[in-house]
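Engineer:
2 protein chains.
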Amino acid sequence: MIKVLVVDDEPQIARALRINLAAHGYEVTTAADGAQALRAAAAVVPDLVVLDLGLPDMDGSEVIEGLRGWSKAPILVLSGRAASAEKIAALDAGADDYVTKPFDIGELLARVRAATRRSGPGSDSPVTAIGPVTVDLAAREVRKDGDEVRLTPTEWQLLEVLLRNPGKLVSQRELLHRVWGPNYDRETNYLRQYMAQLRRKLEADPARPVHLLTEPGMGYRFRP
Amino acid sequence: MIKVLVVDDEPQIARALRINLAAHGYEVTTAADGAQALRAAAAVVPDLVVLDLGLPDMDGSEVIEGLRGWSKAPILVLSGRAASAEKIAALDAGADDYVTKPFDIGELLARVRAATRRSGPGSDSPVTAIGPVTVDLAAREVRKDGDEVRLTPTEWQLLEVLLRNPGKLVSQRELLHRVWGPNYDRETNYLRQYMAQLRRKLEADPARPVHLLTEPGMGYRFRP
DNA sequence: TTCGGCCGTCAAGAACGCGTCAAAGGTGTC
DNA sequence: GACACCTTTGACGCGTTCTTGACGGCCGAA
Numbered sequence: 001m002i003k004v005l006v007v008d009d010e011p012q013i014a015r016a017l018r019i020n021l022a023a024h025g026y027e028v029t030t031a032a033d034g035a036q037a038l039r040a041a042a043a044v045v046p047d048l049v050v051l052d053l054g055l056p057d058m059d060g061s062e063v064i065e066g067l068r069g070w071s072k073a074p075i076l077v078l079s080g081r082a083a084s085a086e087k088i089a090a091l092d093a094g095a096d097d098y099v100t101k102p103f104d105i106g107e108l109l110a111r112v113r114a115a116t117r118r119s120g121p122g123s124d125s126p127v128t129a130i131g132p133v134t135v136d137l138a139a140r141e142v143r144k145d146g147d148e149v150r151l152t153p154t155e156w157q158l159l160e161v162l163l164r165n166p167g168k169l170v171s172q173r174e175l176l177h178r179v180w181g182p183n184y185d186r187e188t189n190y191l192r193q194y195m196a197q198l199r200r201k202l203e204a205d206p207a208r209p210v211h212l213l214t215e216p217g218m219g220y221r222f223r224p
Numbered sequence: 225m226i227k228v229l230v231v232d233d234e235p236q237i238a239r240a241l242r243i244n245l246a247a248h249g250y251e252v253t254t255a256a257d258g259a260q261a262l263r264a265a266a267a268v269v270p271d272l273v274v275l276d277l278g279l280p281d282m283d284g285s286e287v288i289e290g291l292r293g294w295s296k297a298p299i300l301v302l303s304g305r306a307a308s309a310e311k312i313a314a315l316d317a318g319a320d321d322y323v324t325k326p327f328d329i330g331e332l333l334a335r336v337r338a339a340t341r342r343s344g345p346g347s348d349s350p351v352t353a354i355g356p357v358t359v360d361l362a363a364r365e366v367r368k369d370g371d372e373v374r375l376t377p378t379e380w381q382l383l384e385v386l387l388r389n390p391g392k393l394v395s396q397r398e399l400l401h402r403v404w405g406p407n408y409d410r411e412t413n414y415l416r417q418y419m420a421q422l423r424r425k426l427e428a429d430p431a432r433p434v435h436l437l438t439e440p441g442m443g444y445r446f447r448p
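Line order of the protein sequences matches chains G and R.
So for the first sequence, my numbering puts the first residue at 1; every next one is plus one.
So for the second sequence, my numbering puts the first residue at 225; every next one is plus one.
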């Protein structure tokens with residue numbers, strides 16, 4: 001979870017930011033003045049700081065420099081002042097972005113995304129496990145006992161539809177539409193053909209499938 | 225010297241940016257449309273891109289995506305449109321900052337400083353090893369058994385996209401988009417041509433590639 | 001029990017995609 | 001203007017994949 005520190009002395013703005021950020025999956029901490037902000041930053045080690053200038057106790061640049069002393073987390077500055085000199089001062093002090101109030105919350109969230117995208121490029125690959133087989137949909141890679149298994153394009157499409165609906169029954173009609181196109185409704189022989197192929201490549205015992213199941217008369221189901 | 229690519233179709237703005245950036249010690253390249261921009265980016269490998277939306281030939285997002293395909297250089301978007309939706313779209317497409325025209329040149333320079341500050345110190349020299357070949361993407365240098373290997377610009381772009389997604393399959397569609405532009409969808413003969421060229425230059429046995437693999441009907445994959 | 005529907009399997013020809021070679025544009029350099 | 005280099009295009013052979021048809025087994029319904 002991405003940790004965000006919100007620093008604002010106006011309770012309603014701080015609250016609005018907290019709610020919006022939390023709703024988008026961020027872990028939010030708030031601080032109402034500069035001293036609190038520096039303490040909180042040291043405690044939670046945020047991945048990003050949203051900092052309102054014009055705090056009661058410190059100058060904005062001081063807070064930025066205090067943070068920059070030990071943290072490289074992006075700092076997104078909020079301010080009521082639109083003067084260029086203010087922006088330049090804040091940016092050169094170490095801020096990464098500067099947004100003037102009133103601001104659009106959607107835009108702010110987009111800027112938060114842009115800032116966190118840079119610092120945390122976590123290249124994760126969601127891997128699905130099917131018994132002794134692992135399927136990496138993003139990388140388009142299948143491994144069975146560590147060895148690479150090659151799937152044809154049609155096999156991939158069919159497998160992908162099933163894997164994206166784990167546990168759910170997918171009707172033959174839907175499978176045909178997704179893989180072959182909307183004009184294919186009754187070519188169930190295609191499904192028989194390719195499901196057999198997939199089971200041969202993925203199931204431990206293709207004759208007795210455990211994960212790629214047939215629901216007679218209805219469709220197919222992937223059981224994790 | 226920090227290299228900046230300025231993309232703007234209005235000559236006076238491009239000129240003003242060039243002069244101001246050059247005066248502050250940046251090495252400036254300019255481009256007047258999206259296609260030029262992508263070409264120039266491939267040629268000079270900029271450290272930062274200043275991109276005006278509303279180019280004559282391409283949508284701004286397309287240019288951003290085209291750049292993001294292989295470059296992590298910060299993208300600073302200029303635009304006359306102040307609507308939040310525009311900003312959000314650009315930022316989510318991969319832009320790092322969004323400034324609305326008319327803009328203060330001092331502020332723009334501060335934002336440029338902020339953007340380059342981030343990426344500057346963190347830039348490493350990722351050398352990828354492909355069997356007997358080493359590829360330095362940042363320095364644009366390939367060595368095979370110690371000897372330098374020359375790659376054409378197109379070969380570089382193609383290789384770079386693949387190397388930036390190690391182990392992952394990259395669809396031919398995506399390769400075409402990132403190297404030739406969004407209007408290329410079915411020119412798979414280009415890919416065949418250039419993949420063969422790359423294999424001839426990089427693989428020990430070009431007829432039996434070990435690292436630059438073909439996934440028939442889908443795309444290509446770089447295996448480290 | 002018999003019948004029809006549905007599924008798994010096998011085996012063909014057709015169609016497609018890839019690697020390769022060759023050559024024609026296009027661009028910048030000397 | 002000639003040259004070299006890079007990019008774009010076209011065409012061919014070959015292996016793989018897709019499509020199509022047919023057969024037999026299983027199961028529920030008549």
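For every residue, glycine included, the Cβ atom is placed at its ideal position computed from N, Cα and C.
Closest Cβ-Cβ distance between K87 (chain G) and chain R: below 8 Å?
Structural biologist: Along the first sequence, read from residue 1 onward, the residue named residue 87 (chain G) stands at position 87. Chain R contact via Cβ: present.
Engineer: With DSSP run on the structure shown, which of helix, strand or coil describes D316 (chain R)?
Structural biologist: Here residue 316 (chain R) is taken as the residue at index 92 of the second sequence, counted from 1. DSSP places D316 (chain R) in helix when its eight states are reduced to three.
Engineer: Where does E384 (chain R) fall in DSSP's three states?
Structural biologist: Taking the first residue of the second sequence as position 1, residue 384 (chain R) is located at position 160. E384 (chain R): helix per DSSP, three-state reduction.
Engineer: By the 10 Å Cβ neighbour count, where 16 or more other Cβ atoms means buried, how is D147 (chain G) classified, buried or exposed?
Structural biologist: Position 147 of the first sequence, counted from the first residue, corresponds to residue 147 (chain G). The residue is exposed, with fewer than 16 neighbouring Cβ atoms inside 10 Å.
Engineer: I need the DSSP call for L305 (chain G), collapsed to helix, strand or coil.
Structural biologist: It is not possible to answer for residue 305 (chain G), since the shown part of chain G is limited to 1 through 224.
Engineer: Identify the continuous alpha helix (DSSP H) that holds R117 (chain G) and give its terminal residues.
Structural biologist: By one-based count along the first sequence, residue 117 (chain G) stands at place 117. Segment 105-119, the alpha helix (DSSP H) holding R117 (chain G).
Engineer: Taking DSSP's pairing of strands, which residues face Y98 (chain G) in a bridge?
Structural biologist: On the first sequence, position 98 is the one that residue 98 (chain G) refers to. DSSP lists G:V77 as partners of Y98 (chain G).
Engineer: So which residues of chain R does L198 (chain G) contact, with C-beta pairs closer than 7 Å?
Structural biologist: For this step, residue 198 (chain G) is matched to residue 198 along the first sequence. Those do not exist, as L198 (chain G) stays about 16 Å from chain R at its closest Cβ, beyond 7 Å.
Engineer: Tell me whether L245 (chain R) sits in a helix, a strand or coil according to DSSP, three-state version.
Structural biologist: In the second sequence, residue 245 (chain R) corresponds to position 21, counting from 1. Helix, per DSSP.
Engineer: How long is the line joining the alpha carbons of V210 (chain G) and K392 (chain R), rounded to whole angstroms?
Structural biologist: Indexing the first sequence from 1 puts residue 210 (chain G) at position 210. Indexing the second sequence from 1 puts residue 392 (chain R) at position 168. Computed Cα separation, rounded: 28 Å.
Engineer: Pairs of beta-carbons, one from the stretch 3-11 of chain G and one from the stretch 43-58 of chain G, closer than 8 Å: are there three or more?
Structural biologist: These segments touch.
Engineer: Between R140 (chain G) and chain R, is any beta-carbon pair separated by less than 8 Å?
Structural biologist: As a first step, residue 140 (chain G) must be located in the first sequence, where it is residue number 140. At least one chain R Cβ lies under 8 Å of R140 (chain G).
Engineer: Determine the extent of the beta strand (DSSP E) in which I287 (chain G) is found, giving its start and end residues.
Structural biologist: Only positions 1 to 224 of chain G appear in this structure, which leaves residue 287 (chain G) out of reach.
Engineer: Please report the Cβ distance between Y418 (chain R) and L382 (chain R), rounded to the nearest whole angstrom; I am assuming they are in contact, meaning their Cβ atoms lie under 8 Å.
Structural biologist: Within the second sequence, residue 418 (chain R) is the residue found at index 194, counting from 1. Within the second sequence, residue 382 (chain R) is the residue found at index 158, counting from 1. Contact flag correct, Cβ pair sits at about 5 Å.
Engineer: May I have the straight-line CA-CA distance separating G217 (chain G) from L176 (chain G), to the nearest angstrom?
Structural biologist: Start at 1 with the first residue of the first sequence, and residue 217 (chain G) comes out as number 217. Start at 1 with the first residue of the first sequence, and residue 176 (chain G) comes out as number 176. Whole-angstrom Cα-Cα distance: 14 Å.
Engineer: Using a Cβ-Cβ cutoff of less than 8 Å, which residues in the same chain neighbour Q236 (chain R) once the five nearest sequence positions on both sides are dropped?
Structural biologist: The count along the second sequence starts at 1 and reaches residue 236 (chain R) at position 12. Nothing meets the Cβ criterion.
Engineer: Check the Cβ of S308 (chain R) against every Cβ in chain G and list those closer than 7 Å, keeping chain order.
Structural biologist: Position 84 of the second sequence, counting from 1, holds the residue named residue 308 (chain R). Correct list: D104, G106, E107.
Engineer: Considering Cα atoms alone, identify which of G:N165, G:L21, G:T152, G:A115 is closest to K201 (chain G).
Structural biologist: Residue 201 (chain G) sits at position 201 when you count from the first residue of the first sequence. Selected option, being the one with the closest Cα: G:T152.
Engineer: Any contact of the stretch 354-372 of chain R with the stretch 282-292 of chain R, i.e. 3+ C-beta pairs under 8 Å?
Structural biologist: No, because fewer than three Cβ pairs between the stretch 354-372 of chain R and the stretch 282-292 of chain R fall closer than 8 Å, the two stretches do not touch.
Engineer: When you compare the CB positions of L245 (chain R) and V252 (chain R), do they come within less than 8 Å of one another, or not?
Structural biologist: For the purposes of this step, residue 245 (chain R) is identified with residue 21 of the second sequence, where counting begins at 1. For the purposes of this step, residue 252 (chain R) is identified with residue 28 of the second sequence, where counting begins at 1. Contact: yes.
Engineer: With F446 (chain R) and L386 (chain R) assumed to form a contact (beta carbons below 8 Å), what rounded beta-carbon distance in angstroms separates them?
Structural biologist: As a first step, residue 446 (chain R) must be located in the second sequence, where it is residue number 222. As a first step, residue 386 (chain R) must be located in the second sequence, where it is residue number 162. So it is a contact: roughly 4 Å between Cβ atoms.
Engineer: With a threshold of 8 Å between beta-carbons, can P153 (chain G) be considered close to chain R, or not?
Structural biologist: For the purposes of this step, residue 153 (chain G) is identified with residue 153 of the first sequence, where counting begins at 1. Taking Cβ atoms only, chain R reaches closer than 8 Å to P153 (chain G), which makes this a yes.
Engineer: Just how far apart, CA to CA, sit E155 (chain G) and Q197 (chain G)?
Structural biologist: Translated into the one-based positions of the first sequence, residue 155 (chain G) becomes position 155. Translated into the one-based positions of the first sequence, residue 197 (chain G) becomes position 197. Whole-angstrom Cα-Cα distance: 8 Å.
Engineer: For P224 (chain G), count neighbouring C-beta atoms within 10 Å of its own C-beta (all shown protein chains included) and say buried if the count is 16 or more, exposed if not.
Structural biologist: As a position in the first sequence, residue 224 (chain G) is number 224, starting the count at 1. Exposed: under 16 other Cβ atoms inside 10 Å.
Engineer: Go ahead and label I312 (chain R) buried or exposed: buried means 16 or more other beta carbons lie within 10 angstroms of its beta carbon, across all protein chains shown.
Structural biologist: Mapped onto the second sequence, residue 312 (chain R) falls at position 88. It is buried - the Cβ of I312 (chain R) has at least 16 other Cβ atoms within 10 Å.
Engineer: Take the Cβ of I243 (chain R) as the centre, count every other Cβ of all protein chains shown within 10 Å, and call the residue buried at 16 or more, exposed below.
Structural biologist: Counted from its first residue, the second sequence places residue 243 (chain R) at position 19. The residue is exposed, with fewer than 16 neighbouring Cβ atoms inside 10 Å.
Engineer: Based on Cα-Cα distance, which residue from G:G54, G:K3, G:H24, G:A16 lies nearest to A40 (chain G)?
Structural biologist: Residue 40 (chain G) sits at position 40 when you count from the first residue of the first sequence. For the residues G:G54, G:K3, G:H24, G:A16, the minimum Cα distance to A40 (chain G) belongs to G:K3.
Engineer: How big is the Cα-Cα spacing for P74 (chain G) and D320 (chain R)?
Structural biologist: Along the first sequence, read from residue 1 onward, the residue named residue 74 (chain G) stands at position 74. Along the second sequence, read from residue 1 onward, the residue named residue 320 (chain R) stands at position 96. Taking the straight line from one Cα to the other gives about 12 Å.
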